[in-house]
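Let me begin by presenting the structure, written as structure tokens, before commenting on it.
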Amino acid sequence: MADGNGNSAAAQFKAGLWSDNPVLVQLLGMCPTLAITNSVENALVMGAAATFVVICSNLVTSLLRSLIRPHVRILIFTLTIATFVTIADRFLAANLFEVSKKLGAFVPLIIVNCIIICRAEVCAIKSGLFKSFCDACGIGIGFTIALTILGVVRELLGSGSLYGIPVMPEGFDKWVIMVLPPGAFLTLGILIGVVNYARLRTSPGGAA
Amino acid sequence: MTIGSLIMLFIGAALVNNLVLSMFLGICPFLGVSRKVNMAFGMGCAVTFVITLSGVVTWLIVHGVLVPLGGRIGLDLSFLKYVIFIAVIASMVQLVEMYLRKFFPLLYTAFGVFLPLITTNCAILGACLLIDLRDYNLLEAITFSFAGGVGFALAITIMAGIREHLTFSDVPRALQGPGITLLVAAILAMSFMGFAGMMR
Chain Z
1 MADGNGNSAA AQFKAGLWSD NPVLVQLLGM CPTLAITNSV ENALVMGAAA TFVVICSNLV
61 TSLLRSLIRP HVRILIFTLT IATFVTIADR FLAANLFEVS KKLGAFVPLI IVNCIIICRA
121 EVCAIKSGLF KSFCDACGIG IGFTIALTIL GVVRELLGSG SLYGIPVMPE GFDKWVIMVL
181 PPGAFLTLGI LIGVVNYARL RTSPGGAA
Chain L
209 MTIGSLIMLF IGAALVNNLV LSMFLGICPF LGVSRKVNMA FGMGCAVTFV ITLSGVVTWL
269 IVHGVLVPLG GRIGLDLSFL KYVIFIAVIA SMVQLVEMYL RKFFPLLYTA FGVFLPLITT
329 NCAILGACLL IDLRDYNLLE AITFSFAGGV GFALAITIMA GIREHLTFSD VPRALQGPGI
389 TLLVAAILAM SFMGFAGMMR
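Protein sequence lines, in the order shown, are assigned to chains Z and L. Quick note: the first sequence uses the working numbering, first residue 1, plus one each step. Quick note: the second sequence uses the working numbering, first residue 209, plus one each step.
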């Protein structure tokens with residue numbers, strides 16, 4: 001993992017996008033990834049909410065890093081995250097009511113999204129403000145990209161539309177299974193296979 | 209409220225709307241701790257225990273403290289729910305950990321690092337949130353959280369059984385590990401969809 005202190009903030013940002021992509025490489029935050037990617041809209045809103053929370057919690061953790069004692073750090077992380085998730089949840093309920101209703105329990109479930117707690121533990125607790133911010137941006141955007149890819153595939157095949165707009169030709173048979181739970185496992189399994197294949201091709205001998 | 213509807217709720221939460229396979233809660237331990245059957249079964253039991261306790265305690269806090277207190281001071285205190293839920297779960301896990309260490313040291317060493325990780329198991333927070341979202345009464349809350357735990361234990365144990373057999377099969381290199389596990393989960397989820405016929 002590219003977490004050494006010698007890394008510049010920009011490298012930290014880039015790592016989140018590809019080589020340390022939280023969903024496709026580190027396999028963190030699987031629950032929202034699978035549950036809400038049956039449409040592109042859900043995926044984008046979820047990605048945005050999680051990005052907001054990871055940035056805020058990374059900034060707060062980085063500011064508090066000299067005050068936090070090691071044995072209570074997980075508790076502090078969780079409570080910080082829970083606070084920002086509450087803010088995001090209230091904001092969504094007020095401004096994007098329809099989507100917030102569809103996401104249901106999965107907005108509050110960002111609290112236990114391991115990506116966020118992982119970033120606080122791996123980066124924010126021992127890095128400065130700017131580096132933590134870049135790290136959070138990279139991870140958040142990487143998470144959003146992975147969600148969107150899944151959302152595009154599943155919505156295209158499952159409902160024949162993109163962002164709610166029908167795009168498939170008239171005679172297209174919808175693959176209903178793709179918007180149902182098994183489709184989520186299937187799509188992510190294949191996507192991870194493809195990513196691993198690409199990584200194996202570009203770095204022969206490198207462990208996948 | 210009859211026994212019959214409670215049984216339906218139990219079957220619904222344990223099989224038809226299985227927390228792992230149809231609600232996608234608790235996927236991380238489902239993928240991470242499902243290599244050995246006995247480990248998976250132990251994890252399932254621990255989660256069932258914690259989920260039932262936290263489901264009941266969070267229900268009691270919401271209906272016994274937050275609602276009456278909010279009514280008295282004239283504020284809607286429901287925005288405090290998430291913070292309270294996660295604090296309750298974390299302390300429940302801590303409690304279970306201390307209890308096991310004191311009375312079942314063997315089990316405690318067998319669980320190792322997975323015990324504290326239950327805190328971030330979204331199945332538990334998810335069950336508490338769903339109980340709150342669907343306005344269950346206390347009896348339903350107990351049934352639902354216990355059934356959710358049983359469903360989780362069932363799914364993770366089946367998965368571990370399949371993965372033990374997978375070690376002997378020739379999986380393409382790019383799909384090894386998580387890839388093939390997710391594909392197996394897809395087939396498992398498809399077969400669990402068959403239980404939907406029981407709820408007619």
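Glycine is no exception: its CB is placed at the ideal position from the N, C-alpha and C atoms.
The beta carbon of A382/L sits closer than 9 Å to some beta carbon of chain Z.
For I219/L, same chain residues with a beta-carbon under 7 Å away, outside a window of 5 residues either side, are M406 in chain order. Taking a cut-off of 8 Å on C-beta distances, the segment 57 to 65 of chain Z touches the segment 116 to 126 of chain Z, as three or more cross pairs fall below it. Beta-carbon to beta-carbon, C114/Z and C236/L are separated by about 6 Å, close enough to satisfy the 8 Å threshold. Not a single CB atom of chain L sits nearer than 9 Å to the CB of L156/Z.
Straight across, the Cα-Cα distance linking R243/L with M30/Z is about 18 Å.
N345/L counts as exposed, since fewer than 16 other C-beta atoms from the protein chains shown sit within 10 angstroms of its C-beta. With distances taken between CA atoms, I141/Z lies nearest to M46/Z out of G183/Z, S8/Z, D89/Z and M46/Z. Under the three-state reduction of DSSP, L64/Z is assigned to coil, being neither helix nor strand. For V291/L, the neighbours in chain Z by C-beta distance under 8 Å run, in chain order, L79, A82, T83 and T86. About 12 Å separates the beta carbon of C330/L from that of S262/L, a gap too long to meet the 8 Å contact definition. A Cβ-Cβ separation of about 30 Å leaves A295/L out of contact with P181/Z under the 8 Å criterion. Closer than 8 Å at the C-beta level to chain Z, one finds no residue of the segment 244 to 263 of chain L. Counting other Cβ atoms within 10 Å of its Cβ, P276/L stays below 16 and is therefore classed as exposed. G387/L places its beta carbon 9 Å or farther from that of G183/Z.
The beta-bridge partner set that DSSP reports for I165/Z consists of L162/Z. In this structure, DSSP gives L34/Z a helical state, which the three-state scheme calls helix.
Taking C-beta atoms under 8 Å as the contact rule, L239/L and L233/L fail to qualify, at a distance of about 13 Å.
It is roughly 32 Å from the alpha-carbon of A248/L to the alpha-carbon of I145/Z. Nearest C-alpha to L34/Z among E372/L, F352/L, V273/L and L229/L: L229/L.
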